[in-house]
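Take a look at the structure below.
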Amino acid sequence: MYHTFRASLACGLACVSGLLAPAAEGQQTPATVTLGDLVQTYNGAPKSPSLLTQPANLPVQVTYRSLSPTAPIPTSQVVYNDTPDPLALSYFSYGFAAQQLTALGNLVQLAGSARKLESCDVILVNYAKADDWPDLAAANPAGYVHPITITLYEVTSTNQLVFRTEATQNVLVPWRPLLNPLNGGPYPFSGYAFRATLPFANGITLPERVMVMVSFNTQASGFAPTGVPGPYNLLNVAQQTTANVAKVGSDVNPDVVLQVKSGVWGYPSTGWTGTSAPLVRLKALSTDSVTPPTDAGSWQASARISNADYLGTSTSNFTIQPAAASIQFGNLVQIFDGTPKSVTVLTNPPDLTVHTTYDGSDPVPSAPGRYAVHATLTNPNYLAPPVDAELWLGNNFNSWLNPWLQANQIPGTATGDKDDPDQDSIPNIIEYGLALDPSTANHGLPDLGLPKIEYADGRISLIYRKNLTATDLEFQVESSSVLSGTDPWSPAVTTDTVVDTGNSVQTIRASMDVAADDPKHFLRLRITRKDP
Numbered sequence: 000m001y002h003t004f005r006a007s008l009a010c011g012l013a014c015v016s017g018l019l020a021p022a023a024e025g026q027q028t029p030a031t032v033t034l035g036d037l038v039q040t041y042n043g044a045p046k047s048p049s050l051l052t053q054p055a056n057l058p059v060q061v062t063y064r065s066l067s068p069t070a071p072i073p074t075s076q077v078v079y080n081d082t083p084d085p086l087a088l089s090y091f092s093y094g095f096a097a098q099q100l101t102a103l104g105n106l107v108q109l110a111g112s113a114r115k116l117e118s119c120d121v122i123l124v125n126y127a128k129a130d131d132w133p134d135l136a137a138a139n140p141a142g143y144v145h146p147i148t149i150t151l152y153e154v155t156s157t158n159q160l161v162f163r164t165e166a167t168q169n170v171l172v173p174w175r176p177l178l179n180p181l182n183g184g185p186y187p188f189s190g191y192a193f194r195a196t197l198p199f200a201n202g203i204t205l206p207e208r209v210m211v212m213v214s215f216n217t218q219a220s221g222f223a224p225t226g227v228p229g230p231y232n233l234l235n236v237a238q239q240t241t242a243n244v245a246k247v248g249s250d251v252n253p254d255v256v257l258q259v260k261s262g263v264w265g266y267p268s269t270g271w272t273g274t275s276a277p278l279v280r281l282k283a284l285s286t287d288s289v290t291p292p293t294d295a296g297s298w299q300a301s302a303r304i305s306n307a308d309y310l311g312t313s314t315s316n317f318t319i320q321p322a323a324a325s326i327q328f329g330n331l332v333q334i335f336d337g338t339p340k341s342v343t344v345l346t347n348p349p350d351l352t353v354h355t356t357y358d359g360s361d362p363v364p365s366a367p368g369r370y371a372v373h374a375t376l377t378n379p380n381y382l383a384p385p386v387d388a389e390l391w392l393g394n395n396f397n398s399w400l401n402p403w404l405q406a407n408q409i410p411g412t413a414t415g416d417k418d419d420p421d422q423d424s425i426p427n428i429i430e431y432g433l434a435l436d437p438s439t440a441n442h443g444l445p446d447l448g449l450p451k452i453e454y455a456d457g458r459i460s461l462i463y464r465k466n467l468t469a470t471d472l473e474f475q476v477e478s479s480s481v482l483s484g485t486d487p488w489s490p491a492v493t494t495d496t497v498v499d500t501g502n503s504v505q506t507i508r509a510s511m512d513v514a515a516d517d518p519k520h521f522l523r524l525r526i527t528r529k530d531p
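Okay, so the sequence shown: first residue is 0 according to numbering that gives the first Met the number 0, each after it adds one.
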């Protein structure tokens, strides 16, 4: 049946005076199509390979299949549908035997992006009753089996029909009932409607516009008439009505339909309108898409020449690379108030998704201290190097001093680094660093909370308090073997041990070895303000 069908197609199309160009598969001339520009860079616009054909300038359809290991599992989608759901008991229909039809079809525009053909449904109407065919009914009380054919053509921009695929399925045609299955009364119609589903195992990729044709053989019609009577003479194709318009996709020419009658193909066909078209539903898988990709990634790009006179295909891997981007931090110094504090992350281009951690964890910190900040770009369409910085969460000198100033416990004229409002010979900047009280000389601490020196077993140690909320200060232990001369102090190489921690204050022991021939050694603590 298939070979006869295609031969008839070539002959029939030649009789339509150019309305549809010939599409005989065996008459196509070999041609080549080459895909180029296979590596491109993301910019937010759809990307597709360049195409070169020989002969030149032939139309080409390209489909794309994701090569990502995390590509979603193909899903089934309805890409065209004008069939009712649920079905009524019967519909107006066209009888192939009565009308001497060979095939009936319609030009449709597909919806969505799924294009790997999965199946096609057609609504048929049967007028044959079991009582009229007792031998068949005895063998199968549910109905009789008859082959139905669905053929799909690509329709090019120049109205050429290019054969794409065909499937024939033995369909169980249910007998027209004698009683109404809804209420048990007399059956109110002459024919009984049912849905026939034809699978397409070859999974061909569909074009955007498809001519869907339905055909089956009767005694005197079809592409290979049976020549003997049978119940199939009473099998019809349900036709569209004004109520059965496309729910998914669209009817390209809603006023016309394709008919093949007595070996002649007609599109548009005289006396036939869009409401005469068969009721069909096309389903496709989402594996292949005719939509050019936009996001970064890799695809298998398959090209096929869409011209009825030429045959040529090509497949290549196609890659869209991520675009360059950058990350920048802001708001890295913040004042402690007990609430979580996050840094500001700026990207170029702006508003890209970034994953940020603090000391390697996701929760935003609220306790005072200094936190390592690490940011990585998570937008797959952009590539940026990770960025590291430090978040300072705590007081600065002014915010630390402000509560005593607001309570009038220190004068407004004594708020400088070197001022000493409590007159204990400890300037404000040192009181701030040591977590002391600038409004009272009696801090209730041994030695007023000042650093102290200890020596034992050849090691000298400086023990000092450190205000953990003072994130704008630097603490440096310095050493010297003399107290005279110009700037005899230098940074000491010490081993630091936290002796105690409490109320945002650490007590630190900074120790270093002293040489046996060093009769005296000095340590001191330098506290300086540091801008972030």
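A virtual CB, placed ideally from N, CA and C, is assigned to each residue, including glycine.
- Here leucine 376 carries a strand assignment [DSSP, helix/strand/coil].
- For glutamate 477 against arginine 525, the beta-carbon gap comes to about 5 Å, under 8 Å, which counts as contact.
- Short of 8 Å from the beta carbon of glycine 296, and not among the five residues preceding or following it, lie these beta carbons of its own chain, in chain order: Ser65, Leu66, Ser67, Thr318, Ile319, Pro379.
- Across the set Ser118, Gly142, Leu103, Ser503, the C-alpha of Leu103 shows the shortest separation from the C-alpha of asparagine 216.
- For the set Val244, Pro54, Lys246, Thr272, the Cα lying nearest the Cα of leucine 257 is the one of Thr272.
- Residue pairing for asparagine 105: DSSP places it in a beta bridge opposite Val211.
- Across the set Gln99, Val144, Tyr186, Thr74, the C-alpha of Val144 shows the shortest separation from the C-alpha of glutamine 168.
- Taking all protein chains in view, the Cβ of leucine 123 is crowded by 16 or more other Cβ atoms within 10 Å, so the residue is classified as buried.
- Here isoleucine 429 carries a helix assignment [DSSP, helix/strand/coil].
- The Cβ atoms of isoleucine 425 and leucine 444 do not sit closer than 9 Å to each other.
- Leucine 345 and alanine 70 have their C-alpha atoms spaced approximately 30 Å apart.
- Counting along the chain, the unbroken beta strand (DSSP E) around proline 146 starts and ends at 142 to 154.
- Taking a 10 Å sphere around the C-beta of asparagine 182, we find fewer than 16 other C-beta atoms and assign the residue as exposed.
- Apart from the 5 residues on each side of it in sequence, isoleucine 429 sits with its Cβ closer than 7 Å to the Cβ of Ile526 in its chain, given in chain order.
- DSSP, read as helix, strand or coil, puts serine 341 in coil.
- Taking 3 residues as the minimum length, the beta strand (DSSP E) runs contained wholly in the region 357 to 422 are 368 to 376, 386 to 393, in order along the chain.
- Between aspartate 120 and lysine 282, the C-beta spacing is below 9 Å.
- Spatial neighbours of threonine 101 in its own chain (CB-CB distance under 8 Å, excluding positions within 5 residues in sequence) are listed in chain order as Ser7, Phe95, Ser214, Ser220, Gly221, Phe222, Val259, Lys260, Ser261, Gly262.
- For valine 32, the CB contacts under 6 Å within the same chain, skipping 5 residues up- and downstream, are Thr52, Val59, Ala302, Ile304, Gly311, Ser313 in chain order.
- About 7 Å separates the beta carbons of alanine 276 and glutamine 238, which is inside the 8 Å limit, making them a contact pair.
- For asparagine 105, the closest C-alpha among the options Tyr152, Thr241, Thr62, Lys519 is that of Tyr152.
- Within the model, the alpha-carbon separation for proline 385 versus asparagine 394 is close to 28 Å.
- Note that the region 406 to 423 does not touch the region 487 to 502; fewer than 3 beta-carbon pairs, one per stretch, sit closer than 8 Å.
- Here the region 332 to 345 does not lie against the region 39 to 56, with fewer than 3 beta-carbon pairs under 8 Å apart.
- If you keep only unbroken beta strand (DSSP E) runs of at least 3 residues inside the region 221 to 306, you get 234 to 237, 257 to 260, 263 to 265, 279 to 288, 296 to 304.
- Out of Asp436, Gly432, Leu376, the CA that lies nearest to the CA of proline 420 is found in Asp436.
- Residue pairing by DSSP places glycine 35 opposite Ser49 in a beta bridge.
- Ranked by how close their Cα comes to the Cα of tyrosine 41, the residues Pro321, Leu284, Asn466, Thr470 have Pro321 in first place.
- Comparing alpha-carbon positions, the option among Val342, Phe91, Leu351, Glu207 lying closest to alanine 324 turns out to be Leu351.
- Annotated three-state conformation of glycine 329 is strand, per DSSP.
- Rounded to the nearest whole angstrom, the CA to CA distance from alanine 195 to valine 170 is 7 Å.
- Proximity to alanine 515 across Ala491, Ile459, Thr240 peaks at Ile459, based on C-alpha coordinates.
- Only exposed fits glutamine 422, as fewer than 16 other CB atoms lie within 10 angstroms of its CB.
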